[in-house]
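This report refers to the structure that appears directly beneath it.
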Ligand code: MG
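Residue numbers (this note's numbering): 69 to 327.
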């Protein structure tokens, strides 16, 4: 697949998909308290998605290996040392946990995708610092989303923020183009050299998603074939927005304020 630039009306269809994604994140964010299970969150996400006439993007997503079943959840629910692709279950979240929620959906043929990591009740300072640096690295990345800049400018902004604060950048998973497909070229790594890589053009839409660890950045996949955890068991966080490159400011499709 080659890079698919979107025209203005296509970007507005993507805005519609991403505003459903936003609504899901708002509602689920309010639900993240000690005692809730990720299955509760998953069911609520499905309900909101269907009420809006949208199709969940992750449910039934095929694994890269034929021996692994399709993804069973509507959301990816990734607590604590889980980096991404956690599967909803019946374990109650507890005070002091962190939980990454990733959700994507499709409406009118276009996809939206965003992720947020939440504190469950009161969390300790180290966990809060992890959330803050990961979120700030996404903000730094969005600032770079201007025509004429390069993919490497986005990657480097994330890496600089994260490593500057002494945290780790996960290497195995990267951000991606998005549009009529959940995953389109180009890759958007969370590490790299400024001034390198493809030039950003108006109409390019990217899902930018830093994945950050308190300890070492190495990961492993659990036996379910999906759940990616830090190899050293340290906490990991994940934030994501879908962002359109325009002639002017970055257009963040997955939140109400656009820049
Ligand atoms: Mg994504």
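Yeah, the Cβ is synthetic: ideal placement off N, Cα and C, and Gly gets one too.
In this text the structure is predicted, and so the values were computed from the model without any measurement.
Please specify which runs of the beta strand (DSSP E), each continuous and at least 3 residues long, are wholly inside the region 111 to 176, giving them in chain order.
List check, beta strand (DSSP E) in window: 143 to 147, 150 to 152, 166 to 175.
Inspect the CB distances between the region 178 to 192 and the region 76 to 92 and report whether three or more fall short of 8 Å.
Below 8 Å, enough C-beta pairs join the region 178 to 192 and the region 76 to 92 to call them touching: three or more.
What's the gap between the Cα of residue 276 and the Cα of residue 301?
Approximately 24 Å between the Cα atoms of the pair.
So the candidates are 81, 293, 312, 311; which of them puts its Cα closest to the Cα of residue 135?
The candidate whose alpha carbon is nearest that of residue 135 is 293.
At what residue ranges does the region 214 to 281 contain a whole run of the alpha helix (DSSP H), taking only runs of 4 or more?
Every alpha helix (DSSP H) of 4 residues or more that sits fully in the region 214 to 281 is shown, in chain order, as 219 to 232.
Please name the residue or residues paired with residue 287 in a DSSP beta bridge.
The partner list for residue 287 (beta bridge, DSSP) reads 298.
Could you say which of 282, 137, 102 lies nearest to residue 158 if we only look at CA atoms?
Comparing Cα positions, the closest option is 102.
Where does residue 137 land, buried or exposed, given buried means 16+ other C-beta within 10 angstroms?
Exposed: under 16 other Cβ atoms inside 10 Å.
How would you write the range of the beta strand (DSSP E) that residue 311 sits in, first residue to last?
Annotation: the continuous beta strand (DSSP E) that includes residue 311 extends over 309 to 312.
Whole-number beta carbon distance between residue 266 and residue 222, since they are thought to touch under 8 Å
Going by Cβ atoms, the distance from residue 222 to residue 266 rounds to 10 Å, so no, they are not a contact pair.
Taking 6 Å as the line, does the beta carbon of residue 43 fall inside it for any heavy atom of the ligand MG?
In the structure as shown, the chain begins at 69 and stops at 327. Residue 43 is therefore absent and cannot be evaluated.
Hey, quick one: how far does the beta strand (DSSP E) through residue 181 stretch, first residue to last?
Residues 178 to 187.
Minimum C-alpha distance to residue 209 - residue among 98, 71, 322, 308:
Checked all of 98, 71, 322, 308; the closest Cα to residue 209 is 308.
Spatial distance of residue 258 from residue 278 (CA atoms)
Our two residues, residue 258 and residue 278, have alpha carbons roughly 6 Å apart in a direct line.
Please state whether the Cβ-Cβ distance between residue 173 and residue 117 is less than 7 Å.
Cβ atoms of residue 173 and residue 117: closer than 7 Å.
Look up residue 90 in the DSSP assignment and say whether it is helix, strand or coil.
Helix at residue 90.
For residue 143 versus residue 166, is the C-beta spacing smaller than 7 Å?
Taking a C-beta distance under 7 Å as the contact criterion, residue 143 and residue 166 do not qualify as a contact pair.
Does DSSP put residue 201 in a helix, a strand or coil?
Correct three-state label for residue 201: helix.
Do you know how far the Cα of residue 161 is from the Cα of residue 254?
It is roughly 35 Å from the alpha-carbon of residue 254 to the alpha-carbon of residue 161.
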